[in-house]
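Structure, as structure tokens:
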Amino acid sequence: SRRVGLLGTESRTMTSHGASLARVGARMASRTDPTAKPTRCVRRAAVPTRASRGDNAPSTSSSLPAPSRRALLAGLTATGLALSADAEPATAAELLSKRLERKDFSKPVFNASRPKAQTYPDWLEGEWMATADFAGYSFPSKTMNPKLLVKEPTIPGFQKLSLVYLPDVGSNQVRYPVRFARREPGGPVYEDRAFNLDAVVTGYLNQGVGPTMLKKVVDEVEYDPTKDPNRITVRLTSGASVNAERIELFTNARENETRDSDGTFFCAEAVRQVTLGYGREYGTARVINTDYQHVWAFTPVYDSETDDSSRVERVKVSLSTAGYAQPSDALRLSAAAPIGGAAPVPQLGAAGNAAFEPAVLYSHTITLERAS
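So, in structure tokens, the structure goes:
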């Protein structure tokens, strides 16, 4: 299915893209080892009950205050929160909800089989109006230098549109429509990803603008789940953002679980995002890769005043996002300064952990109210 977006806005950047890219390009060119072999890690189903693998990735909530994105980055050098244990490739030996509770966001490196499209509970079918709020952040890494991290344009969320489902991290009261539908009568419920991505990018890039003043920011969302449910292309309107002209999304792993006690539906998704924009040199595109995981927890709120107790009119959603450093940057970001103030020295063991542990965690709350 193909969907043409409707609306647009001006965009801003958090860093000087030209200078940042020049530095990043030089670093990556010097550090990449073309002979290195990738690590393969297969995540297997952990439970014989309601848990299922094949759909999205981890999330968490934080009680920290919701600062602006500038404050978020400024606070990086001061924060010392450590929310995860030593990192290692995710091997999944327990329920998604339990890992979420423990804030286990280790990076799934490779999935043996291509994940299937995520299916959702029947009570999510229909159109909803979403209201999203930023709920907090933390920098859990015990190995990465925060002063270096904050300067990295490849850390998801540090630049606008580097997390396409959260185009402007730190924003509050962002409203946009979302849709879940069946592809055929009696079939499972799926997310209408083309519609939802168009809506969320439009909503975030039009903050503070009235409904009649919305600007077009998305030209087209290309997504055909029958051919490949793991790839999406978002084409932005020319001039909508200095950070992106086109965004490619590749889903590497999915899983889901339903909690029987209250019907909460958990789903997780690991994504590589390739953001292409305008380069400083003619004919050369600006390319930024970001790796991250989202974990959604959908909790239904039933309307006790109606006769139809099965109809859900409101859903509380927590969205946790883990952003990772690029493997080519792990050695530099984990370098430690020796006693005496000498230059930082790369630590091979720390670099191994940095390749799999989150560099940053974001928490958002979303309220869905039924529109139809």
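In our numbering, each number is its position in the sequence shown, counted from 1, plus 5.
Glycine residues also receive a C-beta, built at the ideal position from the N, C-alpha and C atoms.
From a predicted model like this one, the values you see are computed outputs, not experimental measurements.
For the alpha helix (DSSP H) that contains S323, what are its first and last residues? Element bounds for S323: not the alpha helix (DSSP H) but the beta strand (DSSP E), V317 to Y329.
Beta-ladder partner(s) of A302, from DSSP: F271 and S323
Close Cβ partners of T280 (< 6 angstroms) along its chain, the five nearest in sequence each way excluded: A249, I252 and I293
Residue range of the beta strand (DSSP E) that includes T370: V365 to R375
What does DSSP give as the partner residue(s) for P216 in the beta ladder? BP columns for P216 are empty, so no partner.
Please classify N61: is it buried, with 16 or more other beta-carbons within 10 angstroms of its beta-carbon, or exposed? Unreliable placement is indicated for N61, whose pLDDT of 41 sits below 50; the coordinate value is still reported in the next sentence. Burial call: buried.
Name the DSSP beta bridge partners of P182, please? M134
Measuring CA to CA, which of T295, E130, E262 and S111 is closest to G191? E130
Could you check whether A327 and W133 sit closer than 9 angstroms to each other, using their CB atoms as the reference points? no
Using the rule of at least 16 other Cβ atoms within 10 Å of the residue's Cβ for burial, across every protein chain shown, is M413 buried or exposed? The requested residue 413 does not occur in the structure, where the chain is confined to residues 6 to 377.
First through last residue of the alpha helix (DSSP H) which encompasses D203: R198 to L210
Quick check: R379 and T136, are their CB atoms within less than 9 angstroms of each other? The chain is shown only over 6 to 377; residue 379 falls outside these bounds and no answer can be derived.
Between S143 and F303, what straight-line distance do the alpha-carbon atoms span, to the nearest angstrom? 22 angstroms
Determine the closest residue to G141 out of E374, Q298 and Y367, with distance taken between C-alpha atoms. Y367
Taking all protein chains shown into account, decide if G282 is buried (16 or more other Cβ within 10 angstroms of its Cβ) or exposed. buried
Grab me the residues of Y170's own chain with a C-beta within less than 7 angstroms of its C-beta, minus the 5 sequence neighbours each way, in chain order. V205 and H299
What is the DSSP secondary structure of E106, reduced to helix, strand or coil? helix
Contacting residues, own chain, Cβ-Cβ under 7 angstroms from T124 (five flanking each side not counted): P193, V194 and Y195
Roughly how many angstroms separate the alpha carbons of P113 and R259, rounded to a whole number? 10 angstroms
At what residues does the alpha helix (DSSP H) containing L241 begin and finish? Segment R236 to L241 is the beta strand (DSSP E) holding L241; no alpha helix (DSSP H) there.
Does any residue of chain C have a CB that is nearer than 9 angstroms to the CB of Q178? Protein chain content of the structure displayed is limited to a single chain, and chain C is not contained in it.
According to DSSP, is D127 part of a helix, a strand, or is it coil? helix
Under three-state DSSP, which class holds R337? helix
Backbone secondary structure at L101 - three-state DSSP: helix
Alpha carbon of W301 to alpha carbon of L336, nearest angstrom: 31 angstroms
Please report the distance separating the alpha-carbon of A122 from that of S102. 20 angstroms
If you drop the 5 nearest sequence neighbours on each side, which residues of the same chain put their C-beta closer than 6 angstroms to that of T238? E227 and E253
Whether L324 touches T269 by CB criterion (9 angstroms): no
Comparing the CB of A199 with every heavy atom of the ligand NAP, is any distance shorter than 8 angstroms? Among the components of this structure there are no ligands whatsoever, and the ligand NAP is therefore not found.
Please state whether DSSP places R48 in a helix, a strand or coil. Bear in mind that a pLDDT of 41 at R48, under 50, signals an unreliable position, so the model cannot answer this.
Taking the beta strand (DSSP E) that L254 falls in, what are its first and last residues? R251 to T263
Reference V320; option with closest CA among Y329, D127, T295 and N257: D127
N201 vs V183 beta-carbon contact at 9 angstroms: yes
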